Every structure is written in C-alpha cells, then in structure tokens.
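To start, the structure under review is shown below, and the notes come after it.
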Amino acid sequence: MTAERYLLNELTPDARDAFEEHVFDCPECALDLRAGALFVREAKVQLPDFVASHPRSGMAKARGKRTSWFSWWRPAFAVPAFAALLIVVGYQNFVTFPALRQSANEPRLAPLAPLRSATRGATRPTFTADRTHGVALPVDLVIEPEMAPAASYSFDLRGPQGKLVWTGSLPATAPGADSDQLFSLDIPGGMLQSGPYSLMVTGVTTQGGRTPIEQYNFDIVMTN
Amino acid sequence: MAGRTLQFYSFDAKYVEDLCAGDSQTQEHFVAYFTALLKIKLRSRLQSFHAIDDVCQETFARVLQVLRRDGGLRQPESLGAFVNNVCNHVLFEYYRSSSRSESLDAEGAPEPAATGADVLDIVSARQIKENVLIILMRLSKRDRSLLKAVFLDERDRDEVCQEFGVEREYLRVLLHRAKQEFKVEYVKHIGNQVPLNADT
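Laid out in structure tokens, this is it:
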C-alpha cells in the first residue's frame, strides 16, 4: 500500500524519499506507481464531467420514463390490455360477485372439527377442507384460575412456512371470569392451502398486558 | 515505430554502455522511462509544468554527462538510484536559486501544449481515458465523490473521511483497487503499444 500512500501524499518526507529511491531502482514498483499516477491524473480530468453529467443523465432518464409511459397507449399494448380488462370485468360480474352475494346472504355449511390444544399434549389433527366450504374450528379456551383476567383475546393464525396469515381479536364474553370460553373460527376455503397451521390465542388485559393462553396446531388437506 | 514500443530493458552494464555510446533506442527508452518517474516525483514538489520540465531536462543532461565522462557506472544496476540522486541535487539547487531570484517555477503557468503527438499517442490517450472512465463508472457514486473530494478538490483527508463515514484505510484500498484494475488494462491493452512517454 506504499504506492497508494505516496499518491495520497501520506508519507513522511523521509519515507517518501526512501520510496522514491526504491521505485527508481525497481521496474515493477515503477510500473505500479506509473499506473496509479496515470489513473489519478486521468480521474482528476474525468471526475468533474462525471459529476456534472449526472443531472443530465437524470434528465435523460426522466425523458426516457415519459416516453415509456406514453408508449403504453400505443395500439400494440392498448388493444390486448383492454381485451384482458374486459375479460376480468366480465368474470367478476358473472361469476365472482354472484358467488359472494350468495355466500353473504345464505346460510353456509362447513365441516366442524374438534380442535385440541397443543399445550395439553393433544395429537396434531388433520382437517380436510375444500375451496367452497373452508373449515370451521371450535376453539375451546380453558382459562386457568391463576391467569390474569383478560378483557379480550387475540388470535394469530399462521399458515405453512409459519407465515402469519390472519390476526384478529374478540372481547372476552365474561371479563375476569375463570370459566372456559368457546369460540368458532371459520376459515374460508379461499385462504386455505394444504399444510401445517397453528393458532395462537393470547389473553389481553385492560392494561394491554398479553398472556399466551393456548396454541393449537393442525394440518389442512385441501381436496380441490 | 519499433523504437516507440514498450520494451522491457534491464538496467545492466550493456544498457549503460549503450547509453554512453549514444544508442538512440536506449536513449529514447532512458528518457521516456525516467521522465515518467521524475514527473511523478516532481509534481508533489513543484507547482508549474515549466519548472518540472526544466528540472527533468537538467537531470538528464547531468546524468548523461557523468556517464559519458566516467565511461559508465560502477554499479550499472543502480542507474535508477543514480538518476534519482541527481534529480535530488538539481531540485535542491532549484530551490536555492528560486529563493534568491525569480523562480523558474512560474506559479499557475498553463501546461504547455503537447507537441509531436502522433496517431499512436492519440489512440493511446483515448484508450487510457476509456479505461479510466470504465473504472470510474463501476465505482459507486459515493466512492467517486470521495475520490473527487480528495484528488480534485484537494480537501483535508481526515475531514473527507469523516464526512463520508470511512476510515483512511478505505481510501487507500479504494485507490489500490482502482489502480490495480487500471494497471491490468494498462499493461494488457496499452502497454504493448503505448509510447513510454504517453503518461508523462
């Protein structure tokens, strides 16, 4: 790194003299120093243009962006894009929206499956579900007497790969009560996929304190 | 053209003998090779290009005079050290004379226009420019700004390093890498054709 220190004027006068004495006698180091000095000299010439050319290139980029934005209106892009848009709108009007309307206004049947807490050593159950009906899981929370009274319960549903797929909360039916609490978790088929799931239930006190209550682990197998 | 290409000479008895005998090819190599080094050395000590040229010329004149007078060097392999030594003497005399009288070192004098540049010089200079441009483009914006602050704006190194949040070692490594990259191209693509005084 002596050549770099030399080029950066970091050497003491004595060290500089010693380095020069060596360089004048050593063709290899001389070539190294010449390359470095030439690079620095040429960089000094080019760096101002380089810095100055940035705004210009930025403007050119902006011009390029404007051109590419308007190019979307060219028929080659616009015609297929509008055709695709019409197909999507048609599918939503004739298939998706009626199905949603029906599911919102009609009673829905879903298979009911018992769910056991993992903390109580229950085996991991497997539920079969389909896209239409999903699955309904009864959550039977056992509240221990020594637990801090919860004002609400927080639910974290994690899907395959441990990814958090849903989170929700529900007020406790009888705050402070030490009896079991029963909920039903209906998971629509649209958000399910085959794989391991876990549901973590946490009690939340009025002061915001959180106490894990139960964790339910189960597997989902989709049939369609 | 052969005399203008890079050839690797070794500074031995034969080289010094040819130099003393006035062999044109050896003399051309000698002047080109040491001009590059002398200019690098003198740039940090003298301000004007005229003064640098004058010291270079005086150094060569004295070296050749001594070699011819004494019929060579006792240790031919130390020719480089001898040139450096003579340059130090010339520089010392220059400092002394410039403090007494009007300086050779015309402060701020513009660099004299290069003379005698042929197509090869122009092509080589263009290749050098392109290589440096490519290396600069590969650097991050921050590294380019760092180099500019140090070499062009000539700002205080510590202040610059503090501003950019880097250590002094980072600057050295940055320069080292850029230099190494340039050197590869310099030797590979230009070195075989470049006249030795192209980087003077």
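Residue numbers (my numbering), protein chains in the order written: chain A, 1231 to 1454; chain B, 169 to 368. Every residue gets a Cβ at the ideal spot worked out from N, C-alpha and C, and that includes glycine. Computed from a predicted structure; not experimentally measured.
Residue 1451 of chain A and residue 1356 of chain A look like a contact to me (Cβ under 8 Å); what is the Cβ gap, rounded to whole Å?
6 Å
Flag residue 354 of chain B as yes if its beta-carbon sits less than 8 Å from any beta-carbon of chain A, otherwise no.
yes
Using a Cβ-Cβ cut-off of 8 Å, state whether residue 1305 of chain A counts as contacting chain B.
no
Rounded C-alpha distance that separates residue 278 of chain B from residue 215 of chain B
Reliability fails at residue 278 of chain B, whose pLDDT of 44 lies under 50, so the model's placement of it is uncertain and no value is given.
For residue 149 of chain B, decide whether its Cβ has a neighbour in chain A, counting only Cβ atoms nearer than 8 Å.
This structure cannot settle anything about residue 149 of chain B, because the visible part of chain B is limited to 169 through 368.
Closest residue to residue 1436 of chain A among A:1380, A:1388 and A:1413 (Cα-Cα distance):
Considering only alpha carbons, the answer is A:1380.
If residue 1345 of chain A sits next to residue 1446 of chain A, beta carbons under 8 Å apart, how far is it from one beta carbon to the other, in whole angstroms?
5 Å
Thinking just about the alpha-carbon of each residue, which of B:206, B:347, B:246 and B:295 is nearest to the one in residue 1232 of chain A?
Looking at the Cα atoms, B:347 is the closest of the given residues.
Does the Cβ of residue 1373 of chain A have 16 or more other Cβ atoms within 10 Å, making it buried, or fewer, making it exposed?
buried
I'd like to know if the stretch 1257-1265 of chain A and the stretch 292-301 of chain B are in contact, where contact means that at least 3 CB-CB pairs between them fall below 8 Å.
no
When the Cα of residue 253 of chain B is compared with those of A:1318, A:1326, A:1308 and A:1247, which residue comes out closest?
That would be A:1247, whose Cα lies nearest to the Cα of residue 253 of chain B.
Going along the chain, which residues of the stretch 1232-1263 of chain A sit with their C-beta nearer than 9 Å to a C-beta in chain B?
1233, 1234, 1235, 1236, 1237, 1238, 1239, 1240, 1246, 1247, 1250, 1251, 1252, 1253, 1254, 1255, 1256, 1257, 1260, 1261, 1262 and 1263
What are the boundary residues of the alpha helix (DSSP H) that residue 1305 of chain A is part of?
1305-1321
For residue 1449 of chain A, report the span of its beta strand (DSSP E) as first-last.
1440-1452
Our contact map puts residue 318 of chain B next to residue 310 of chain B with C-beta atoms below 8 Å; I'd like the distance itself, whole angstroms only.
With a Cβ gap of about 13 Å, residue 318 of chain B and residue 310 of chain B do not count as contacting.
Ordered along the chain, which non-local residues of its own chain (more than five positions away) have a Cβ less than 6 Å from that of residue 251 of chain B?
202 and 231
Which chain A residues are close to residue 212 of chain B, counting only those with a beta carbon under 9 Å from its beta carbon?
1236, 1239 and 1246
Using DSSP's beta-bridge definition, name the partner residues of residue 1430 of chain A.
A:1386 and A:1445
How long is the line joining the alpha carbons of residue 255 of chain B and residue 227 of chain B, rounded to whole angstroms?
5 Å
Expressed to the nearest angstrom, what Euclidean distance is found between the alpha-carbon atoms of residue 259 of chain B and residue 1244 of chain A?
16 Å
Let me make sure I understand the geometry here. Which of A:1252, A:1278, A:1313 and A:1385 has the alpha-carbon closest to that of residue 1444 of chain A?
A:1385
In the structure shown, what three-state DSSP assignment does residue 1249 of chain A receive?
Reduced to three states, the DSSP call for residue 1249 of chain A is helix.
Around the C-beta of residue 1272 of chain A, are 16 or more other C-beta atoms found within 10 angstroms, so that it is buried, or is it exposed?
Here residue 1272 of chain A is buried. Its C-beta has 16 or more other C-beta atoms within 10 Å.
Given that residue 182 of chain B touches chain A, what residues does it touch there, using C-beta distances under 8 Å?
In chain order: nothing, as chain A lies at least about 16 Å away.
Taking the alpha-carbon positions, what's the residue 328 of chain B to residue 314 of chain B distance?
7 Å
What's the C-alpha gap between residue 225 of chain B and residue 331 of chain B?
42 Å
At a Cβ threshold of 8 Å, is residue 239 of chain B touching chain A?
no
At a Cβ threshold of 8 Å, is residue 294 of chain B touching chain A?
no
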